[in-house]
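According to the numbering used here, the sequence shown is numbered sequentially starting from 44.
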Amino acid sequence: MRLAAGAIALAFGTGTVQAQATYLDAAGLARELQALAGASDLATVRSLGRSAGGRDIWLVEIAARGGAPLDTRPGLLVVGNLEGDHLVGSSHAVEIVRYLLSADGRAAAGDLLQRTVIYVLPRLNPDGAERRTRRNSLAYDDDNDGRTDEDPGEDLNGDGEVTVMRVADPTGEYLPVPGTPRLMKRADRSKGETGTHKIHREGRDTDGDGFLNEDGAGGVDLNRNFQHEYPYYQRDAGPYMVSEPESRALLDFVIAHRNIAAVLTFGLSDNLVTPPNDRGALAEPSVLDLVAFADSAALEPLGVGIFQAQQGGGGGFFFGGGGGGLQLRGAQPGRDNNPESGRRPVTTVHRADLTYFTRVSELYKELTGITRVGVNRRAQGAFFQYGYYHFGVPSFSTPGWGLPQAAADTGAARPRAGGGGGPGGPGGAGAARGGEAPFDERLLAALEGAGIEAFVDWQPFDHPDLGPVEIGGFRSFATVNPPEAQLAELGRKHGEFVARLAGMLPHVRVAETEVTSHGGGVFTVSVTVENTGYFPASLQHGVVAGAVDPTIVQLQVPPETLLTGHDLTHRIARLEGSGARETVTWVIRGRQGESVTIRVRAQKGGTSTFTVTLR
44 MRLAAGAIAL
54 AFGTGTVQAQ
64 ATYLDAAGLA
74 RELQALAGAS
84 DLATVRSLGR
94 SAGGRDIWLV
104 EIAARGGAPL
114 DTRPGLLVVG
124 NLEGDHLVGS
134 SHAVEIVRYL
144 LSADGRAAAG
154 DLLQRTVIYV
164 LPRLNPDGAE
174 RRTRRNSLAY
184 DDDNDGRTDE
194 DPGEDLNGDG
204 EVTVMRVADP
214 TGEYLPVPGT
224 PRLMKRADRS
234 KGETGTHKIH
244 REGRDTDGDG
254 FLNEDGAGGV
264 DLNRNFQHEY
274 PYYQRDAGPY
284 MVSEPESRAL
294 LDFVIAHRNI
304 AAVLTFGLSD
314 NLVTPPNDRG
324 ALAEPSVLDL
334 VAFADSAALE
344 PLGVGIFQAQ
354 QGGGGGFFFG
364 GGGGGLQLRG
374 AQPGRDNNPE
384 SGRRPVTTVH
394 RADLTYFTRV
404 SELYKELTGI
414 TRVGVNRRAQ
424 GAFFQYGYYH
434 FGVPSFSTPG
444 WGLPQAAADT
454 GAARPRAGGG
464 GGPGGPGGAG
474 AARGGEAPFD
484 ERLLAALEGA
494 GIEAFVDWQP
504 FDHPDLGPVE
514 IGGFRSFATV
524 NPPEAQLAEL
534 GRKHGEFVAR
544 LAGMLPHVRV
554 AETEVTSHGG
564 GVFTVSVTVE
574 NTGYFPASLQ
584 HGVVAGAVDP
594 TIVQLQVPPE
604 TLLTGHDLTH
614 RIARLEGSGA
624 RETVTWVIRG
634 RQGESVTIRV
644 RAQKGGTSTF
654 TVTLR
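Right, here's the structure in full:
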């Protein structure tokens with residue numbers, strides 16, 4: 044399924060060294076990255092591997108050459124465009140590279156790139172980006188009928204968008220919002236409401252199985268293909284964890300680079316604008332009900348050949364599921380998997396780590412001006428979740444742009460001729476909370492208030508299978524990507540944020556040493572180790588999960604020379620940041636004038652060596 048760019052002009056462009064306010068295709072992205080890296084002594088670019096469709100997955104490595112080996116320095120990993128249609132992620136990644144290599148970026152970074160390394164992977168899903176669809180290009184049998192990709196959505200009315208269809212039907216579950224007929228809501232029968240319509244994705248029953256658009260082009264949403272809270276058996280999550288060449292290339296890189304001390308991803312789940320709450324949980328999702336209603340119409344055939352399918356209203360593959368879709372048990376708690384037996388996987392941020400997420404959130408909002416996001420889908424199998432829960436480092440995710448503030452602050456739609464309300468009813472992913480207007484209404488009001496044409500008004504169409512229908516709905520790209528005119532400025536702000544975030548990485552060094560001679564060849568050797576970074580050498584969850592090695596302070600002398608004190612290889616489980624210190628002391632036998640080396644290694648905080656003389 045290829046989706047047209049629509050009103051926000053997502054025309055692909057070619058790359059140059061100068062800033063280009065445009066969304067780049069695969070060839071343009073490659074040229075841009077090569078040009079940027081080729082013009083700087085700080086950057087190199089290489090391919091981590093190839094996508095399912097044979098396209099390169101590019102990685103840019105930014106650091107000053109010389110000094111400590113790059114894979115021993117504290118590293119920041121930036122990943123964009125995990126969801127193929129989230130093109131702003133790769134745009135931000137390119138602009139981050141541009142900023143860090145610019146004169147302004149170098150001045151802001153100071154000596155940062157002498158002691159750290161920044162890895163930027165602009166586009167994890169090049170196939171989805173090229174086709175402007177969420178999932179990668181792996182052919183996949185969504186409906187278990189032995190055929191792949193045979194019933195995609197289609198642009199029936201030729202307007203350049205694949206939107207949704209509403210069909211007048213007294214057995215339907217949905218009705219237009221009274222007084223605001225552009226948007227739809229689920230009928231609340233407890234309030235005497237009767238459904239008047241069914242809603243489907245725009246398209247035909249191409250394979251003639253009685254269902255519409257249940258087996259679209261492409262297979263796996265890469266930001267649902269990682270290990271933490273992996274959504275078993277859901278159609279866009281892949282046949283198993285890290286099943287795709289793209290997700291495997293990223294994970295192989297991360298596992299080989301244990302120096303990565305923090306992760307920033309651009310994706311459609313947020314924990315950066317709204318950090319985890321005081322219980323460590325993420326904010327409730329906000330996804331488009333109108334899209335979820337259409338997706339839910341295709342759920343029935345997806346359960347064929349799969350046990351225990353449960354159909355819910357809300358969620359769906361296109362906008363990421365805010366609740367509903369296929370809820371299949373798999374390895375989740377159940378009668379044969381007692382949640383009381385043994386320790387369950389952690390799903391909330393450790394209390395001791397919350398302050399770091401809150402502080403980084405404050406910095407992000409201060410630098411970018413983004414205080415409220417639009418689409419925010421429930422994170423399941425997302426890479427940033429892997430970064431924290433499995434890899435043990437501060438890991439952040441943001442859509443990279445937010446609701447235009449003037450309209451977002453109102454909490455309600457602005458009046459417009461023709462209506463503009465939102466869905467309501469029980470259980471909808473975008474249903475109103477705490478007096479707010481429903482999410483569909485708020486998002487549409489904010490976008491249209493900023494002059495963004497985000498909605499295709501309903502138009503009658505004579506459908507070959509269903510008869511008279513109306514086609515319209517949200518322009519998919521307009522809801523998850525900003526207009527091109529905003530890209531350069533947003534990208535620069537994110538470059539500034541990345542420079543500041545990299546400066547917060549742990550940085551462990553030898554701060555002080557002292558040698559005391561007691562006579563007779565007996566000496567006391569003390570070393571004080573300091574973490575000058577903001578983040579601790581390991582988050583508390585990294586300690587609990589055993590995901591991050593302890594900081595090692597090692598006196599390099601023969602074991603038999605140690606008389607008392609700490610072990611020759613002393614381990615510090617958690618060295619706090621912001622100048623926290625710890626002193627390690629040994630009493631050893633040695634020779635007057637002998638040189639002894641002290642080595643400090645923090646997996647996420649670099650290495651430091653110091654030589655003392657026994658005297």
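Where a beta carbon is used, it is the ideal one built from N, C-alpha and C, also for glycine. The structure presented is a predicted model; accordingly, all values stated were derived computationally and were not measured.
Nearest to Arg116 by C-alpha distance, out of Ile161, Pro447 and Asp508, is Ile161.
Counting only residues of its own chain and dropping the five nearest sequence neighbours on each side, Phe540 has a CB closer than 8 angstroms to the CB of Leu406, Tyr407, Leu410 and Thr411. Thr594 counts as buried, since no fewer than 16 other beta carbons sit within 10 angstroms of its beta carbon. In the DSSP assignment, Asp500 falls within the unbroken beta strand (DSSP E) covering Phe498 to His506.
When DSSP states are grouped into helix, strand and coil, Phe517 belongs to the strand group.
Gly445 counts as buried, since at least 16 other C-beta atoms from the protein chains shown sit within 10 angstroms of its C-beta. For Ala299, DSSP records no beta bridge to any residue. Bounds of the alpha helix (DSSP H) holding Lys536 are Leu530 to Ala545. Under the DSSP assignment, His135 falls in the alpha helix (DSSP H) whose first and last residues are Leu130 to Leu144. Unbroken alpha helix (DSSP H) stretches of 4 residues or longer found wholly inside the stretch 79 to 124: none.
Inter-residue distance for Thr308 and Val627 is about 37 angstroms (C-alpha atoms, whole angstroms). Spatial neighbours of Arg624 in its own chain (CB-CB distance under 7 angstroms, excluding positions within 5 residues in sequence) are listed in chain order as Ala554, Thr571, Val572 and Glu573. Within the same chain, Arg98, Pro169 and Glu173 come within 6 angstroms of Ala69 by CB-CB distance, once the 5 residues on both sides are set aside. For Val403, the enclosing alpha helix (DSSP H) covers residues Leu397 to Thr411. In the DSSP annotation of this structure, the continuous segment of the alpha helix (DSSP H) that includes Leu333 starts and ends at Asp332 to Ser339.
Nearest in C-alpha terms to Ile495, of all of Val523, Phe504 and Pro503, is Val523. Contact annotation: Arg89 and Asp128 have beta-carbon atoms that are not nearer than 8 angstroms.
Using a 10 angstroms sphere on the CB of Tyr183, the tally of other CB atoms reaches 16 or more, which defines it as buried. When secondary structure is reduced to three states using DSSP, Glu484 falls in the helix class. Counting only the Cα atoms, Leu167 lies some 15 angstroms from Gly430.
Taking all protein chains shown into account, Pro282 has fewer than 16 neighbouring C-beta atoms within 10 Å of its C-beta and is therefore exposed.
C-alpha of His550 to C-alpha of Ile413: approximately 29 angstroms in a straight line.
Contact between the stretch 230 to 241 and the stretch 525 to 534 is absent: fewer than three C-beta pairs spanning the two stretches fall below 8 angstroms. DSSP, read as helix, strand or coil, puts Gly649 in strand. Rounded to the nearest angstrom, the gap between the Cα atoms of Ile139 and Leu119 is 12 angstroms. Among the bridge pairs identified by DSSP, Met208 is matched with His243 and Ile514.
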